[in-house]
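Using my numbering, the first residue of the sequence shown is number 187, and each one after it goes up by one.
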Amino acid sequence: MFNPPLPAAAAGAVMASFTSRPGLYLHVPFCETLCPFCPYNKVLLDRALAGRYVEALGREIDGYLAHAAGPFTSLYIGGGTPTLCLAELAPLLARIPVAGERAIEVLPGHATPENVARLRAMGVNYLSLGVQSFDAAVLAHLKRPNTVAENFRALEATAGQFDCVDVDLIFDAAFGEASVFLRDLEHCFRAGVEQVSTYPLMRFGYTPFGKVRHQPGREHRVLRQAEALARRHGYERRSVWTFNRRDAANYTSITREFYLGCGAGAGSFTGGLFFLNHFSVPAYIERIADGELPIARLASLSRLKSAAYYLFWQAYTGRVDPRRFGVLYPRQRLLRGLLGLLRGAGILRREAGALVLTPRGYDRYHDLERWITYHFIEPLWADMMREHAHLRLPPRGLRERFWLHLAGMGGGAPAPGRNP
Ligand code: SF4
Numbered sequence: 187m188f189n190p191p192l193p194a195a196a197a198g199a200v201m202a203s204f205t206s207r208p209g210l211y212l213h214v215p216f217c218e219t220l221c222p223f224c225p226y227n228k229v230l231l232d233r234a235l236a237g238r239y240v241e242a243l244g245r246e247i248d249g250y251l252a253h254a255a256g257p258f259t260s261l262y263i264g265g266g267t268p269t270l271c272l273a274e275l276a277p278l279l280a281r282i283p284v285a286g287e288r289a290i291e292v293l294p295g296h297a298t299p300e301n302v303a304r305l306r307a308m309g310v311n312y313l314s315l316g317v318q319s320f321d322a323a324v325l326a327h328l329k330r331p332n333t334v335a336e337n338f339r340a341l342e343a344t345a346g347q348f349d350c351v352d353v354d355l356i357f358d359a360a361f362g363e364a365s366v367f368l369r370d371l372e373h374c375f376r377a378g379v380e381q382v383s384t385y386p387l388m389r390f391g392y393t394p395f396g397k398v399r400h401q402p403g404r405e406h407r408v409l410r411q412a413e414a415l416a417r418r419h420g421y422e423r424r425s426v427w428t429f430n431r432r433d434a435a436n437y438t439s440i441t442r443e444f445y446l447g448c449g450a451g452a453g454s455f456t457g458g459l460f461f462l463n464h465f466s467v468p469a470y471i472e473r474i475a476d477g478e479l480p481i482a483r484l485a486s487l488s489r490l491k492s493a494a495y496y497l498f499w500q501a502y503t504g505r506v507d508p509r510r511f512g513v514l515y516p517r518q519r520l521l522r523g524l525l526g527l528l529r530g531a532g533i534l535r536r537e538a539g540a541l542v543l544t545p546r547g548y549d550r551y552h553d554l555e556r557w558i559t560y561h562f563i564e565p566l567w568a569d570m571m572r573e574h575a576h577l578r579l580p581p582r583g584l585r586e587r588f589w590l591h592l593a594g595m596g597g598g599a600p601a602p603g604r605n606p
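As structure tokens, this is what we get:
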């Protein structure tokens, strides 16, 4: 029943497979320039293609909405650069029922007063600025489309205008000094934003940046320095990589319990299923035009696998609620035993009924996340990126086949892509 290609009518079965009400993720895969470190699914902006894409996105969402039992718990619009398509997205967002926050990723150069007003009118109340750095040399190294001046202007234009403003910063351990990154962090704290998300740069082999050996010890040290700096400014560490003003909400893209992803390259986790949409924009549009769901890869998850996936991403927030876990996943003795072992090993500790990561636990989680990224996420995305024929990626190697098979996502050949 769940082997792609799936007819559009299977949307009802997909919605019925959610363990609990999902959040909604929308992917907008267009950018004006392509940053060489970026592993995400994106293509250069083509206005005509973008118009057809948003139409297809609307049809995909409507197919699921027809079977939704209630509003989505949250909405997250990511990319790519979603702010390139605000006019096209506005009518779409107006018909999506959402109970919680409505979040969007914003390129700093697009955070103009006009766009801020437009986003507010669209009901957006959480916003993430892709600043990455306030240092001209770091921005040049990353070949970012945004300038230092635009980054500062974006902070000014958005501060206090939304329930939560998050700033993304990258630390590339293979380039430059930690002091530059810490100074970037301090700019954000002084501006009083609700959250700062700091990412040690992950290097995916299929990007122009290619691979560089990580320096885990250095990354841990820098994150600990960042945590000390955050405390001095009245911020606290709320997840492996994020720091929040003590009174502020969390901005998060990846820790929804269950989520439906719509758009090219979007992923979904229903509890029983994990699936990925086609990465190629034309292939995505064609599937929908042909009356199919645009799903390219799908894995049916055992309860144990599903519970492990759930626990891993919940732990990203630094906190797991064992009661909630027990309600969603009763009788998972193996994983409960593992949580007990991690407590005994000083990785987790109890706090107000929850299990929270200790400082050592944050370091170990960071290492585990890096391992999972390079062993599961990178091979899967690399495989899906082959849909972009213009990237001319080599065929799957043995190592990639092995990890794809282990993840249950090895089936199917990539759809031929015709992206520019
Ligand atoms: S980092 Fe952002 S702007 Fe740069 S290519 Fe990736 S999605 Fe586009």
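No residue lacks a Cβ here, since even glycine has one placed at the ideal position from N, Cα and C.
Could you tell me whether the Cβ atoms of ALA485 and ALA593 are closer together than 8 Å? Stepping through the sequence shown from its first residue, residue 485 is reached at position 299. Stepping through the sequence shown from its first residue, residue 593 is reached at position 407. In this structure, ALA593 lies closer than 8 Å to ALA485 by Cβ.
Relative to the C-alpha of SER203, which candidate in PHE461, PHE375, GLY504 has its C-alpha closest? Here residue 203 refers to the residue found at position 17 of the sequence shown. Among PHE461, PHE375, GLY504, the Cα nearest to that of SER203 belongs to PHE461.
Can you tell which of GLU555, ASP358, VAL240, GLY264 has the C-alpha that lies nearest to the C-alpha of LYS397? Here residue 397 refers to the residue found at position 211 of the sequence shown. The candidate whose alpha carbon is nearest that of LYS397 is ASP358.
Pairwise C-alpha distance: GLU573 and TYR392: What you label residue 392 is simply residue 206 of the sequence shown in a count that begins at 1. What you label residue 573 is simply residue 387 of the sequence shown in a count that begins at 1. In a straight line, the C-alpha of TYR392 is about 13 Å away from that of GLU573.
Looking at the secondary structure, which residues open and close the beta strand (DSSP E) in which GLN318 lies? Within the sequence shown, the letter at position 132 stands for residue 318. From DSSP, the beta strand (DSSP E) with GLN318 extends over 312-318.
Within 7 Å: the Cβ of THR438 and any heavy atom of the ligand SF4? On the sequence shown, position 252 is the one that residue 438 refers to. Result no, Cβ not under 7 Å from the ligand SF4.
Give me, in chain order, the residues of the same chain whose beta-carbon lies closer than 7 Å to that of GLY286; leave out the 5 immediate sequence neighbours on both sides. Here residue 286 is taken as the residue at index 100 of the sequence shown, counted from 1. Once the five neighbours on either side are set aside, the close Cβ partners of GLY286 are THR259, SER260.
Close-in-space but distant-in-sequence residues of the same chain around GLY265 (CB under 8 Å, 5 per side omitted): One-based indexing of the sequence shown puts residue 265 at position 79. Same-chain partners within the cutoff: HIS213, VAL214, PRO215, PHE216, CYS217, TYR226, LYS228, GLU291.
Span separating the alpha-carbon of PRO468 from that of LEU325: By one-based count along the sequence shown, residue 468 stands at place 282. By one-based count along the sequence shown, residue 325 stands at place 139. Looking at the two C-alpha atoms, the distance is approximately 31 Å.
Does the Cβ of LEU293 lie closer than 7 Å to at least one heavy atom of the ligand SF4? One-based indexing of the sequence shown puts residue 293 at position 107. Flag set: Cβ of LEU293 near the ligand SF4.
Limits of the unbroken beta strand (DSSP E) element including LEU541: Here residue 541 refers to the residue found at position 355 when the sequence shown is read from its first residue. Element bounds for LEU541: 540-543.
With DSSP as the reference, label PRO331 as helix, strand or coil. Along the sequence shown, read from residue 1 onward, the residue named residue 331 stands at position 145. Coil, per DSSP.
Going straight from the alpha carbon of GLN518 to that of TRP589, what length do you get? Locating residue 518 in the sequence shown gives position 332, counting from the first residue. Locating residue 589 in the sequence shown gives position 403, counting from the first residue. Straight-line Cα distance between these residues: approximately 25 Å.
Can THR393 be considered in contact with the ligand SF4, in the sense that its beta carbon sits closer than 7 Å to one or more heavy atoms? One-based indexing of the sequence shown puts residue 393 at position 207. Flag unset: Cβ of THR393 not near the ligand SF4.
Look up GLU363 in the DSSP assignment and say whether it is helix, strand or coil. For the purposes of this step, residue 363 is taken as residue 177 along the sequence shown, with counting starting at 1. Coil, per DSSP.
Using a 10 Å radius around the Cβ and a threshold of 16 neighbouring Cβ atoms, would you call VAL351 buried or exposed? For the purposes of this step, residue 351 is taken as residue 165 along the sequence shown, with counting starting at 1. Looking at its Cβ environment, which holds 16 or more other Cβ atoms inside 10 Å, VAL351 is buried.
Going by DSSP, what residues sit across from PRO386 in a beta bridge? Stepping through the sequence shown from its first residue, residue 386 is reached at position 200. BP columns for PRO386 point to PHE357.
Local conformation of ALA289 per DSSP, three classes: Residue mapping note: residue 289 aligns to position 103 of the sequence shown, counting from 1. ALA289 falls in the strand class under three-state DSSP.
Does the distance from the CB of ASP370 to the CB of PHE444 come in under 8 Å? The residue given as residue 370 occupies position 184 in the sequence shown. The residue given as residue 444 occupies position 258 in the sequence shown. Against a cut-off of 8 Å, the Cβ pair of PHE444 and ASP370 comes out as no contact.
Could you check if GLN318 is buried or exposed, using at least 16 other CB atoms within 10 Å of its CB as the buried criterion? Counting from 1 along the sequence shown, the entry for residue 318 is found at position 132. With 16 or more Cβ atoms within 10 Å of its Cβ, GLN318 is classed as buried.
Under the three-state reduction of DSSP, which class applies to VAL398: helix, strand or coil? Your numbering for residue 398 matches position 212 in the sequence shown. Looking at VAL398 - three-state DSSP - the assignment turns out to be coil, as it is neither helix nor strand.
Output the distance between the C-alpha atoms of THR219 and LEU192, rounded to the nearest integer angstrom. As a first step, residue 219 must be located in the sequence shown, where it is residue number 33. As a first step, residue 192 must be located in the sequence shown, where it is residue number 6. So the two alpha carbons sit approximately 34 Å from each other.
Euclidean distance between Cα positions of TRP499 and THR441: On the sequence shown, position 313 is the one that residue 499 refers to. On the sequence shown, position 255 is the one that residue 441 refers to. In a straight line, the C-alpha of TRP499 is about 6 Å away from that of THR441.
Delimiting residues of the beta strand (DSSP E) encompassing TYR392: To locate residue 392, count along the sequence shown from 1; it is residue 206. Note, TYR392: premise wrong, no beta strand (DSSP E); not H, not E.
So, do the stretch 400-414 and the stretch 544-561 have three or more beta carbon pairs nearer to each other than 8 Å? yes
Environment of GLY539 [buried if 16+ CB atoms lie within 10 Å]: The residue you call residue 539 lines up with position 353 of the sequence shown. Exposed.
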